[in-house]
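Engineer: Listed in order, the protein sequences are those of chains F and W.
Sequential numbering from 1 applies to the first sequence in this note's numbering.
Sequential numbering from 1001 applies to the second sequence in this note's numbering.
Glycine included, each C-beta is placed from N, C-alpha and C at the ideal position.
All of these numbers come straight from a predicted model, not from anything done at the bench.
2 protein chains.
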Amino acid sequence: MSTNTSILLALRNWEFEHVRMNKLLEQLSDEQLLKEVAPGKNRGVYLLGHLTAANDGIRKLLDLGGRLHPELDQIFLSVPDKSVPEIPATPLLRAMWKEVMDKIAEDVQTLSDDEWLSKHTAVSAEDFVKEPHRNKLSIILSRTVHQAYHAGQMALLK
Amino acid sequence: MSTNTSILLALRNWEFEHVRMNKLLEQLSDEQLLKEVAPGKNRGVYLLGHLTAANDGIRKLLDLGGRLHPELDQIFLSVPDKSVPEIPATPLLRAMWKEVMDKIAEDVQTLSDDEWLSKHTAVSAEDFVKEPHRNKLSIILSRTVHQAYHAGQMALLK
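Spelled out as structure tokens, the structure:
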């Protein structure tokens, strides 16, 4: 459990975005999520799957455990929207989002201040010496921004 | 000048979003910025003015000085898009964005770690005792997310 004010603030910022996305998902029907956020752009369901897959990688980067849904990557991370003929049904995507985000919320509480400032799992010990900003805290900061970027797009479906 | 790793990381995250928006603005023509990000939604120019006005308030919240362009508020903060018959020309908005963001980038370098963790100017000393997370660092974190939210929308104009 972190006690550092700045780290707690970053986690608070992350949690705030989590709550905002949950509210948005409550406001959007399955039918609305199937629409493109703008003509010719990604559909809401793709962005929901994309964020679920991207955020599912966080626990691994923080060395907190394995992926819950690695099968999402080939549909929502490796390829653009509309590349795969069939994607998981929207209620299932909503359930996976909840599962992934609730697990992160629980697990990030276990990291100490020193752990937050230690390297994330995708950077080597050698590179971390040269680039000490590539720590676990940087993952939460950058993923908060990533989620907000797509939340802005999904909000256009309202 | 801050030396705290977590604070420097938050500033790095802010600067990263600044660079990303500058790149996006280079990619978008004045004509593209005049379009709505999705049918019936805000125009790119409105979001550019909105972010410029919102970010222009940051230095005041961080107790670093007055507003550079308070006149933007009544066009881009107090009212929705298309409420005002005439808004500043897009080249002028681009120039104000650059002016505001360059000034913030310069000024945030002067704050010490203790100053970052001290209250921002919109919270009273009494409330800050009860809500110590309402510090200057929280402003940078929340405004980074705010900018990313609208950057995602403006990127749809590409």
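Please state whether DSSP places W:R1043 in a helix, a strand or coil.
Structural biologist: Here the question's residue 1043 of chain W lines up with position 43 in the second sequence. W:R1043 falls in the strand class under three-state DSSP.
Engineer: Look at the Cβ atom of F:R67, then the Cβ atom of F:G57, and state whether they are nearer than 8 Å.
Structural biologist: As a working mapping, residue 67 of chain F is identified with position 67 in the first sequence. As a working mapping, residue 57 of chain F is identified with position 57 in the first sequence. A contact, by the Cβ cut-off of 8 Å.
Engineer: Near F:S118, which residues of its chain fall below 8 Å by C-beta distance, leaving aside the five closest residues on each side in sequence?
Structural biologist: As a working note, residue 118 of chain F is residue 118 in the first sequence. The residues are N135 and K136.
Engineer: Under DSSP, the alpha helix (DSSP H) around F:G65 begins and ends at which residues?
Structural biologist: The residue labelled residue 65 of chain F in the question sits at position 65 within the first sequence. Element bounds for F:G65: n/a, residue is neither H nor E.
Engineer: Excluding five sequence neighbours on each side, which residues of the same chain lie with their C-beta closer than 7 Å to the C-beta of W:I1075?
Structural biologist: Here residue 1075 of chain W refers to the residue found at position 75 when the second sequence is read from its first residue. Same-chain partners within the cutoff: G1049, V1084 and I1087.
Engineer: To the nearest angstrom, how far is it from the Cα of W:E1031 to the Cα of F:D107?
Structural biologist: The residue you call residue 1031 of chain W lines up with position 31 of the second sequence. The residue you call residue 107 of chain F lines up with position 107 of the first sequence. W:E1031 and F:D107: Cα-Cα distance of roughly 47 Å.
Engineer: Go ahead and label W:L1196 buried or exposed: buried means 16 or more other beta carbons lie within 10 angstroms of its beta carbon, across all protein chains shown.
Structural biologist: Absent from the structure is residue 1196 of chain W, since the part of chain W shown begins at 1001 and ends at 1158.
Engineer: Would you report the Cα separation of F:D81 and F:Q147, rounded to the nearest angstrom?
Structural biologist: For the purposes of this step, residue 81 of chain F is taken as the residue at position 81 of the first sequence. For the purposes of this step, residue 147 of chain F is taken as the residue at position 147 of the first sequence. F:D81 and F:Q147: Cα-Cα distance of roughly 17 Å.
Engineer: Please look up how many angstroms separate the CB atoms of F:L72 and F:T90, rounded, as I've assumed it's under 8 Å.
Structural biologist: Reading the first sequence from its first residue, position 72 is the one you call residue 72 of chain F. Reading the first sequence from its first residue, position 90 is the one you call residue 90 of chain F. About 14 Å; that fails the 8 Å criterion.
Engineer: Step through the CB atoms of chain F and report whether any lies within less than 8 Å of the CB of W:H1150.
Structural biologist: Here residue 1150 of chain W refers to the residue found at position 150 of the second sequence. It does: the Cβ of W:H1150 has a partner Cβ on chain F nearer than 8 Å.
Engineer: Can you give me the Cβ contacts of F:K35 inside the same chain, cut-off strictly under 7 Å, excluding the 5 residues immediately before and after it?
Structural biologist: On the first sequence, residue 35 of chain F is found 35 positions in, with the first residue counted as 1. The residues are R43, G44 and L157.
Engineer: For the region 1029-1059 of chain W, which residues have a CB atom closer than 8 Å to at least one CB atom of chain F, in sequence order?
Structural biologist: Flagged, chain order: V1037, A1038, P1039 and K1041.
Engineer: Using a beta-carbon distance below 8 Å, is F:V19 in contact with chain W?
Structural biologist: For the purposes of this step, residue 19 of chain F is taken as the residue at position 19 of the first sequence. Output row for F:V19: interface = no.
Engineer: Excluding sequence positions up to five away, which residues of its chain have a Cβ less than 8 Å from the Cβ of F:D114?
Structural biologist: Here the question's residue 114 of chain F lines up with position 114 in the first sequence. So the list is empty, once near-sequence residues are dropped.
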